[in-house]
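These notes are about the structure you will find just below.
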Amino acid sequence: MNDVSAVPASQARVTVRHTAAAPAVDVRAGGAVVVPGLENPGEASLTVPAGTVSADVVLAGTDTVAIGPADLTLAEGTTTVVYAWGSEGAGYELAVQTISGGHSRAVRRPWWQRRPDGRGLAADAGRGPVAGRPRRRRDGRAAPGPQPRLTRTSPTRTTVRPAVTTVVLGLALAVAAPTAWVLTRPEVTAGPSVEQVVGTSPASEAGRGIGTAAPDHPPAVTARPATPAAQEQPPPPVRLAIPALGVDSAVVPVGVEPDGQMTIPADVDRVGWYRFGPVPGVDGSAVIAGHVDDREQGPGAMAPLRDAAVGDEVVVTDAAGTQTRWRVVSRDLIRKQVLPLDQLFARDGPPRLTLITCGGPFLPEFGSYRDNVVVVAEPLP
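Residue numbering for the sequence shown follows UniProt numbering, beginning at 1 and increasing consecutively.
The structure is reproduced here in structure tokens:
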């Protein structure tokens with residue numbers, strides 16, 4: 001959480017957060033190291049005289065500049081949060097968030113953990129419901145008609161940007177739907193961009209590596225038309241469990257929205273199985289996806305996916321009560337704009353289970369997460 005306690009007169013507070021896929025860095029102000037050896041996901045806070053300072057980020061113990069230099073204006077009584085994020089291949093970037101009002105109430109949620117309309121959001125979805133806001137459950141709602149990008153829509157929602165100052169230096173990364181998470185197909189000319197977190201699998205191999213920058217406006221994704229099954233499909237999945245992560249969630253069949261987006265259950269305690277793709281256990285990739293959190297309901301069933309490890313067991317129960325067991329073989333953190341959809345939604349190849357939710361650093365300038373967490377599991381014998 002951001003420190004919003006009082007700042008001394010004529011002073012300003014600076015918090016530096018390392019969220020980049022990079023080794024340790026030194027943060028310099030005016031050429032002098034002020035934060036040495038900062039590692040992901042660490043942070044450091046300083047109280048400094050108000051004013052303008054030239055800052056840059058260098059690889060720890062060197063003069064190799066990774067980000068900057070950039071002039072930071074530190075106003076009296078404010079808290080400035082500096083995010084260092086990105087990767088070597090895609091480029092490192094700096095985002096600066098300024099929080100005004102050095103006497104903000106401690107009970108107020110910091111803005112970067114709230115939806116753009118100001119209502120509660122657990123930025124670290126694995127921590128549980130937002131303090132002071134009871135977790136609410138809502139009944140899952142079936143999507144009307146044939147319904148892949150992933151999103152949840154609300155006809156009554158309005159989007160209002162928070163009253164903060166945000167500056168992005170370097171490559172601008174567009175993230176669609178600030179109140180939802182989206183699967184988007186890359187442009188034909190864009191190379192794949194995947195940050196491998198742990199493990200390997202055939203399903204993630206082709207997407208590994210860092211490619212070109214994402215487009216300013218992610219292109220729409222249209223679901224491939226469903227093809228008739230060559231053989232009778234097993235019963236659909238109705239429950240998903242990952243004992244090591246404490247995941248135990250109802251699974252409901254979902255389709256595609258009229259605009260080509262994969263439907264995701266509104267109830268964050270439920271997850272959706274893409275019914276136009278394979279059933280878990282048959283050839284191809286069976287996709288199950290869910291929200292990482294919700295502004296009212298708190299963390300979702302899929303929030304713990306960020307901690308999945310190779311070897312974790314996944315249990316899928318179908319409508320007939322039969323259980324199939326799977327072993328996690330990879331966990332990938334993938335930029336939303338460059339998800340390898342042909343692999344994730346493949347209807348051929350060996351059976352595999354693909355679990356997807358939102359993840360990566362929260363981007364204050366877009367009010368959304370940058371990446372998707374993609375966990376692939378293979379059936380146990």
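Ideal Cβ placement from N, Cα and C applies to all residues, glycine included.
N-terminal and C-terminal residue of the alpha helix (DSSP H) that residue i is part of
i: D371; result: Here D371 belongs to no alpha helix (DSSP H); instead the beta strand (DSSP E) covers 368-379.
i: L344; result: 341-344
Straight-line Cα distance separating residue j from residue i
i: D312; j: E43; result: 30 Å
i: P69; j: A22; result: 18 Å
i: V268; j: E296; result: 10 Å
i: A320; j: V247; result: 21 Å
i: W85; j: L38; result: 13 Å
i: T322; j: E378; result: 17 Å
i: L363; j: T19; result: 10 Å
i: R327; j: P237; result: 17 Å
i: Q343; j: A244; result: 26 Å
i: A12; j: S54; result: 15 Å
i: T263; j: G272; result: 8 Å
i: V81; j: I67; result: 15 Å
i: R370; j: D293; result: 14 Å
i: A346; j: L355; result: 14 Å
i: A285; j: G360; result: The residue you asked about is not Ala; residue 285 is Ser in the sequence shown. Approximately 23 Å, taken between the alpha carbons.
i: P350; j: P234; result: 16 Å
i: G260; j: T357; result: 18 Å
i: A301; j: P253; result: 16 Å
i: V7; j: L380; result: 56 Å
i: R17; j: F366; result: 17 Å
i: T200; j: L353; result: Because the pLDDT of T200 is 35, which lies under 50, any placement of that residue in the model is unreliable, and the question is left without a value.
i: I242; j: P280; result: 15 Å
i: G277; j: T73; result: 51 Å
i: V58; j: S45; result: 18 Å
i: V65; j: D56; result: 7 Å
i: V48; j: E76; result: 10 Å
i: N40; j: T15; result: 14 Å
i: L94; j: V34; result: 17 Å
i: V315; j: L240; result: 6 Å
i: Y92; j: P299; result: 29 Å
i: Y274; j: V256; result: 8 Å
i: R28; j: A303; result: 35 Å
i: V282; j: V251; result: 17 Å
i: D26; j: V96; result: 17 Å
Status (buried if at least 16 other CB within 10 Å, exposed otherwise) for residue i
i: A229; result: Residue confidence is low: A229 scores 43 on pLDDT, short of 50, so the model does not pin down where it sits. Its coordinate-derived value is still stated next. Counting Cβ neighbours within 10 Å, A229 comes out exposed, since fewer than 16 surround it.
i: P265; result: buried
i: residue 441; result: The chain is shown from 1 up to 381; residue 441 falls before or after that span and cannot be answered.
i: R335; result: buried
i: V373; result: buried
i: D348; result: exposed
i: D71; result: exposed
i: S249; result: buried
i: S5; result: exposed
i: S368; result: buried
i: S154; result: With a pLDDT of 33 at S154, under the threshold of 50, the predicted position of this residue should be treated as unreliable, though the coordinate-derived value follows. Burial call: exposed.
i: G30; result: exposed
i: S10; result: exposed
i: T78; result: buried
i: R325; result: exposed
i: D63; result: exposed
i: V376; result: buried
i: A32; result: exposed
i: G61; result: exposed
i: residue 385; result: Because the chain here runs from 1 to 381, residue 385 falls outside it and cannot be looked at.
i: A172; result: For A172, the predicted model reports a pLDDT of 22, less than 50, meaning its position is unreliable; a value from the coordinates is still stated below. That one is exposed.
i: G51; result: exposed
Opposing strand residues paired with residue i [DSSP bridges]
i: E313; result: R327
i: P237; result: D318
i: I67; result: V57
i: P353; result: Pro is not the amino acid found at residue 353; the sequence shown has Leu there. Its beta-bridge partners are A286, A377.
i: A84; result: H18, L94
i: R335; result: D371
i: A12; result: V48
i: T78; result: Note: T78 sits in no beta bridge, so no partner.
i: I99; result: T79
i: A250; result: R239, R270
i: residue 384; result: The first residue shown for the chain is 1 and the last is 381, placing residue 384 beyond what the model contains.
i: D348; result: DSSP, once it has assigned bridges, lists no residue as partnering D348.
Unbroken beta strand (DSSP E) run spanning residue i, endpoints
i: E257; result: It is not in any beta strand (DSSP E) - E257 carries neither H nor E in the DSSP assignment.
i: E43; result: 43-49
i: G37; result: 32-38
i: G272; result: 270-274
i: A29; result: 25-29
Distance cut-off 7 Å: residue i Cβ against heavy atoms of the ligand COA
i: P351; result: In the structure on display, the ligand COA does not appear, and there are no ligands present to speak of.
- Task: Determine, using beta-carbon pairs with one atom in the region 332-339 and one in the region 286-305, whether at least three such pairs fall under 8 Å.
- Result: Contact between the region 332-339 and the region 286-305 is absent: fewer than three C-beta pairs spanning the two stretches fall below 8 Å.
- Item | Any 3 or more C-beta pairs closer than 8 Å across the region 321-334 and the region 299-309 | Yes, since at least three Cβ pairs between the region 321-334 and the region 299-309 fall closer than 8 Å, the two stretches touch.
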